[in-house]
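Plus 82 on top of the position in the sequence shown (first one is 1) and you've got my numbering.
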Amino acid sequence: MYLRKSDRNGILLLLLIIVIVLILFPFLKTPESVRQYQRQQRSQRLPLSSSITSMEVSSPLGEVGRGAFYFDPNTADSTTLLRLGLSRWQVRNIYRYRARGGRFHQKEDFAQLYGLTLEQYRKLEPYIRIEPEVMARDVIKKPTHASTSHSSTSTSHSSSSSKLRSGETVDINTADTLELKRIPGIGSYFARRIVELRQRRQAFVSPEELLAIRNLPETALTYMTASQNFPKIQVNNASLQQLKAHPLINHTQATDILRYRRLNGPILSPSDLSTLPSFSKEQLVRLAPFLIFD
Numbered sequence: 083m084y085l086r087k088s089d090r091n092g093i094l095l096l097l098l099i100i101v102i103v104l105i106l107f108p109f110l111k112t113p114e115s116v117r118q119y120q121r122q123q124r125s126q127r128l129p130l131s132s133s134i135t136s137m138e139v140s141s142p143l144g145e146v147g148r149g150a151f152y153f154d155p156n157t158a159d160s161t162t163l164l165r166l167g168l169s170r171w172q173v174r175n176i177y178r179y180r181a182r183g184g185r186f187h188q189k190e191d192f193a194q195l196y197g198l199t200l201e202q203y204r205k206l207e208p209y210i211r212i213e214p215e216v217m218a219r220d221v222i223k224k225p226t227h228a229s230t231s232h233s234s235t236s237t238s239h240s241s242s243s244s245k246l247r248s249g250e251t252v253d254i255n256t257a258d259t260l261e262l263k264r265i266p267g268i269g270s271y272f273a274r275r276i277v278e279l280r281q282r283r284q285a286f287v288s289p290e291e292l293l294a295i296r297n298l299p300e301t302a303l304t305y306m307t308a309s310q311n312f313p314k315i316q317v318n319n320a321s322l323q324q325l326k327a328h329p330l331i332n333h334t335q336a337t338d339i340l341r342y343r344r345l346n347g348p349i350l351s352p353s354d355l356s357t358l359p360s361f362s363k364e365q366l367v368r369l370a371p372f373l374i375f376d
């Protein structure tokens, strides 16, 4: 059967319209059907969270019904939190909060979780069980009255005599931080800095070297001594081990002394050591009284 050109164009246009309608049909749902479709998808993705709506307490003793479980937000792991229907980013927020030392003290604290809706909280609230935090003071027994009074007496006595009196001194080359803190004007900060400086310098020749520590009170120097019992060294005869044993000479300096003797012959004075890069002018001034060049 012969069709005119206009008829053929009309039939083709009709077929095109039918194809377009078939393609767009899944998207031409009513708003209600769209909402029902979304609810179905959510229920398929989160079967356990939807089952929370049907949680029932079977007895007043705290036993929960089928599919339900209690949880402590302070100790629950990520798997447990995800089973409750929380999103992964909410679980990460809980972990960060706990890592910073945060703690849920009561059920209402869990409601402050960012992104948690009121509906979600009301479904979860009956199953939150926050275990009380065990405090050390509730476990460790208190000392008896007699021992307490004795301890307080000895403490007050030691505290009253903790600081040095006029005429008393501390050897800064051997004292630890506790001994250093007995010096008037020296607390934990300055005691730690003194020990750190001593480790870098190996030893102190005089208390005045501590003035290199910023803001150290000069009045504290009157309570300090620096022991001068360092052995003297025959610079041109001492071995590597003997040089290293001296508290004012480190391994690099001892090696440089041996190299200088091998290349240039005997060392005649401290000025010869000034050519070595490991010795500063200040170190040579401190070391000179303990060197013998014969």
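Positions of the beta carbon are idealized from the N, C-alpha and C atoms, including for glycine. Bear in mind that the values here come from a model prediction, so they are computed numbers and not experimental data.
{"Query": "The segment 331-346 contacting the segment 291-311, beta-carbon criterion three pairs below 8 Å", "Result": "no"}
{"Query": "Gly167 burial status per 10 Å Cβ neighbour count (16 or more: buried)", "Result": "buried"}
{"Query": "Residues sharing a beta bridge with Asp253, DSSP", "Result": "Thr307"}
{"Query": "Straight-line gap, Gly347 to Ser270 (C-alpha atoms, nearest Å)", "Result": "48 Å"}
{"Query": "Three-state class that DSSP yields for Pro142 in the structure shown", "Result": "A caution first: Pro142 carries a pLDDT of 33, below 50, which makes its placement in the model too unreliable to give a value."}
{"Query": "For Leu246, three-class secondary structure by DSSP", "Result": "coil"}
{"Query": "Close beta carbons around Ser288, own chain, < 7 Å, minus the five adjacent residues each side", "Result": "Ala308"}
{"Query": "Residue ranges of each beta strand (DSSP E) within the segment 294-371, 3 or longer", "Result": "none"}
{"Query": "8 Å contact criterion, which Asn175 and Leu200 should meet: CB distance rounded", "Result": "Incorrect: roughly 18 Å between the Cβ atoms, too far for contact."}
{"Query": "Close beta carbons around Leu298, own chain, < 7 Å, minus the five adjacent residues each side", "Result": "Phe272 and Leu292"}
{"Query": "Chain B contact for Leu200 (CB, 7 Å cutoff)", "Result": "The question asks about chain B, but that chain is absent: this structure has only one protein chain."}
{"Query": "Classification of Gln310 by the beta-carbon crowding that lies within 10 angstroms, buried from 16 upward", "Result": "exposed"}
{"Query": "Sequence-distant residues of its chain with Cβ nearer than 7 Å to Phe361 (five each side left out)", "Result": "Gln335 and Leu355"}
{"Query": "Contacting residues, own chain, Cβ-Cβ under 8 Å from Ile212 (five flanking each side not counted)", "Result": "Asp154, Pro155, Asn156, Phe186, His187, Gln188 and Lys189"}
{"Query": "Which listed residue (Tyr305, Thr337 and Leu345) has its alpha carbon closest to that of Asp320", "Result": "The sequence shown places Ala at residue 320, rather than the Asp named in the question. When only C-alpha atoms are compared, the closest one is Thr337."}
{"Query": "Spatial distance of Leu163 from Val173 (CA atoms)", "Result": "7 Å"}
{"Query": "Whole-angstrom C-beta distance between Phe151 and Tyr209, which should lie under 8 Å", "Result": "7 Å"}
{"Query": "Start-to-end residues for the alpha helix (DSSP H) that takes in Glu209", "Result": "Note on identity: in this sequence residue 209 is Tyr, with Glu being the wrong assignment. Run containing Tyr209: none; DSSP gives neither H nor E here."}
{"Query": "Extent of the continuous alpha helix (DSSP H) run through Glu291", "Result": "Where Glu291 is concerned, there is no enclosing alpha helix (DSSP H), given that its DSSP letter is neither H nor E."}
{"Query": "Check whether Gln365 and Pro329 have beta carbons under 7 Å apart", "Result": "no"}
{"Query": "Spatially closest choice to Tyr305 from Lys363, Arg275, Ala257 and Val367, by CA coordinates", "Result": "Ala257"}
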